[in-house]
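Peer 1: Here's a structure for you.
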Amino acid sequence: MGRDGFPSLHDFLKIQKLFPICMAISTYKAQLAAGREARNDMVTIVDAIRSIVHTLRISARESEQRLGISSAQLYVLQELRDRPALSINELAERTYTHQSSVSMVVARLVENRLVKRVASPGDARRLSISLTAAGRTLLRRSPAAAQTRLIKALRSMSRADLRALAGDLAALTDILEVQAPESERKTTGKARLSLRA
Numbered sequence: 123m124g125r126d127g128f129p130s131l132h133d134f135l136k137i138q139k140l141f142p143i144c145m146a147i148s149t150y151k152a153q154l155a156a157g158r159e160a161r162n163d164m165v166t167i168v169d170a171i172r173s174i175v176h177t178l179r180i181s182a183r184e185s186e187q188r189l190g191i192s193s194a195q196l197y198v199l200q201e202l203r204d205r206p207a208l209s210i211n212e213l214a215e216r217t218y219t220h221q222s223s224v225s226m227v228v229a230r231l232v233e234n235r236l237v238k239r240v241a242s243p244g245d246a247r248r249l250s251i252s253l254t255a256a257g258r259t260l261l262r263r264s265p266a267a268a269q270t271r272l273i274k275a276l277r278s279m280s281r282a283d284l285r286a287l288a289g290d291l292a293a294l295t296d297i298l299e300v301q302a303p304e305s306e307r308k309t310t311g312k313a314r315l316s317l318r319a
């Protein structure tokens, strides 16, 4: 300090040299903090995805072991429980899946005699899918399909949160698709989740 209490020229030059170093340290500390926050966000996201995948796997295994059908088949049966007869298109709409995927699942259920295809009373060209007695019996001893719980959880979200989640997940799947080997990439663009028969 100078005699008058103000920094001397020498002090001022020292401060001028130290200022960029102080700024660099401050910037570095901010980047570290942002990095920790980003890492925490990444951990939260990856844990949430793992949890959803784990829930779907357990549900699939339980469905196979307890009922002898896939979780996709159970999900379709549960959608038919409260609706006496639905078309393939209506089932696709109810299950948020592609019509061709639902059609394959229904074909397996018909094979197993858990559902039947019947011409609609008002329009013989339209086939309705409905539960058989065996399908209703199986449902009485079935757990809730994980897909049902997932859809219920999504329906409980606000419209804004649902829209944000849809956008974020679509962006993530787009990035994953670009990074995937050519043999794993989709050929038909964006499609709704397909059910496995």
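All residue numbers for the sequence shown refer to my numbering, where the first residue is 123 and numbers rise by one. In this text, a Cβ means the ideal position worked out from N, Cα and C, and glycines have one as well.
(1) By alpha-carbon positions, which one of 180, 247, 202 and 203 ends up nearest to residue 193?
(2) I'd like the list of long-range same chain contacts for residue 281, defined as Cβ closer than 6 Å, with 5 residues on each side in sequence excluded.
(3) When you compare the CB of residue 157 with every CB in chain C, is at least one pair closer than 8 Å?
(4) Starting from residue 205, follow the beta strand (DSSP E) in both directions and report where the run begins and ends.
(5) How would you write the range of the alpha helix (DSSP H) that residue 271 sits in, first residue to last?
(6) Using the beta-carbon count (16 or more within 10 Å), is residue 214 buried or exposed?
(7) Going by beta carbon distance, what residues of the same chain come within less than 7 Å of residue 243, once the five residues before and after it are set aside?
(8) What residues in its chain sit with their C-beta under 7 Å from that of residue 310, if we drop five residues either side in the sequence?
Peer 2: Working from what's here:
(1) Of the listed residues, the one whose Cα sits closest to residue 193 is 180.
(2) If the five residues before and after residue 281 are omitted, its C-beta is found closer than 6 Å to no C-beta atom of its own chain.
(3) Absence of chain C from the displayed structure is noted, only one protein chain being present.
(4) Per DSSP, residue 205 belongs to no beta strand (DSSP E) and is neither H nor E.
(5) Unbroken alpha helix (DSSP H) run through residue 271: 268-277.
(6) Buried, because 16 or more other Cβ atoms sit within 10 Å of the Cβ of residue 214.
(7) Excluding positions up to five away in sequence, the list is empty.
(8) Annotation note: pLDDT 45 at residue 310 (below 50); position unreliable, no value reported.
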